[in-house]
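Step one of this worksheet: look at the structure below.
Residue numbers (this note's numbering), protein chains in the order written: chain A, 1 to 112; chain B, 113 to 225.
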């Protein structure tokens, strides 16, 4: 079955450590997105990519980094520079036309 | 980038139509309007989208005003399972922000018996 997979579902890290969240899709989608969601809040865009080897900052990119070496994969690294990394992270993918985006089930990151 | 404005919360009786408004007064000609919903911090689920014409699918109807500055999502017969956060989004198809998909705060819809 085609879909978008985020792993792991829950992730715990110590403060000061970098951590990488995985996002893989087998939908042959060109565009991929990373969002952050805090309790009771909407989704905020971190980074997005329309094509391999290219990506753009979203609204809250500070303290995060991404790569897009393969069409299927768009990993997000939460660096130690991110002051409040504990959050729910969602990945999405879509074609570059006006069809809908598909979302993964999210990774809940807790930094202690 | 066009911003969207939605009421923070709405109530609806089960079996009645739920009409969720969205304001996108700065929308440009190359921006589509999308609606998603999110239940219990799962990944958002796509509902419907449109450019300027009204749209209908098995889940909902989307009514876009002629000037495109606002839209309304209609769930014709709301059920308890429609209780969720509903997001109205504009997506850009032009310029340096091509493909950018930005969410707002959404509307919490509560369907009650």
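Note that the Cβ used here is the ideal one computed from N, Cα and C, for glycine as well.
- Item | Exposure of residue 115 (chain B), with buried meaning 16 or more beta-carbon neighbours within 10 Å | Position 3 of the second chain, counting from 1, holds the residue named residue 115 (chain B). Looking at its Cβ environment, which holds fewer than 16 other Cβ atoms inside 10 Å, residue 115 (chain B) is exposed.
- Query: How would you label residue 83 (chain A), buried or exposed, when you count the other beta carbons within 10 angstroms and need 16 or more for buried?
  - Reply: One-based indexing of the first chain puts residue 83 (chain A) at position 83. The residue in question, residue 83 (chain A), is exposed, as its Cβ has fewer than 16 Cβ neighbours within 10 Å.
- Could you work out which residues of chain B lie near residue 50 (chain A), taking near to mean beta carbons separated by less than 8 Å? Your numbering for residue 50 (chain A) matches position 50 in the first chain. Per Cβ cutoff of 8 Å: 210, 211.
- Answer with yes or no whether the minimum CB distance from residue 206 (chain B) to chain A is below 7 Å. Residue numbering aside, residue 206 (chain B) sits at position 94 when the second chain is read from its first letter. Answer no: the Cβ-Cβ gap between residue 206 (chain B) and chain A never drops below 7 Å.
- Message: Considering only the alpha carbon of each residue, which of A:38, A:20, A:32, A:56 lies closest to residue 88 (chain A)?
- Response: Here residue 88 (chain A) is taken as the residue at index 88 of the first chain, counted from 1. Taking only the C-alpha atoms, the option nearest residue 88 (chain A) is A:38.
- Message: Quick check: does the Cβ of residue 57 (chain A) come within less than 6 Å of any heavy atom belonging to the ligand ADP?
- Response: Only the bare structure without any ligand can be found here, which leaves the ligand ADP out of the picture.
- Thinking C-beta only, is residue 94 (chain A) closer than 7 Å to residue 101 (chain A)? Counting from one through the first chain, the residue named residue 101 (chain A) turns up at place 101. Counting from one through the first chain, the residue named residue 94 (chain A) turns up at place 94. Yes.
- Interface residues of chain A facing residue 141 (chain B) [CB-CB closer than 9 Å]: Here residue 141 (chain B) refers to the residue found at position 29 when the second chain is read from its first residue. Simply none; closest approach about 13 Å.
- Would you give the residue range spanned by the beta strand (DSSP E) that residue 159 (chain B) belongs to? Looking up residue 159 (chain B) in the second chain gives position 47. Taken as a continuous stretch (DSSP letters only), the beta strand (DSSP E) holding residue 159 (chain B) covers 157-162.
- Spatially closest choice to residue 220 (chain B) from B:212, B:200, B:204, B:176, by CA coordinates: Position 108 of the second chain holds residue 220 (chain B). Closest by alpha carbon: B:200.
- Item | Same chain, Cβ closer than 7 Å to residue 86 (chain A), five either side skipped, listed in chain order | Working through the first chain from its first residue, we reach residue 86 (chain A) at position 86. Answer for residue 86 (chain A): 109, 110, 111, listed in chain order.
- Query: If you measure beta-carbon to beta-carbon, which residues of the segment 155-176 of chain B are closer than 7 Å to chain A?
  - Reply: 155, 156, 158, 161
- Please report the residue range of the beta strand (DSSP E) in which residue 12 (chain A) lies. As a position in the first chain, residue 12 (chain A) is number 12, starting the count at 1. Residue 12 (chain A) -> beta strand (DSSP E) spans 10-13.
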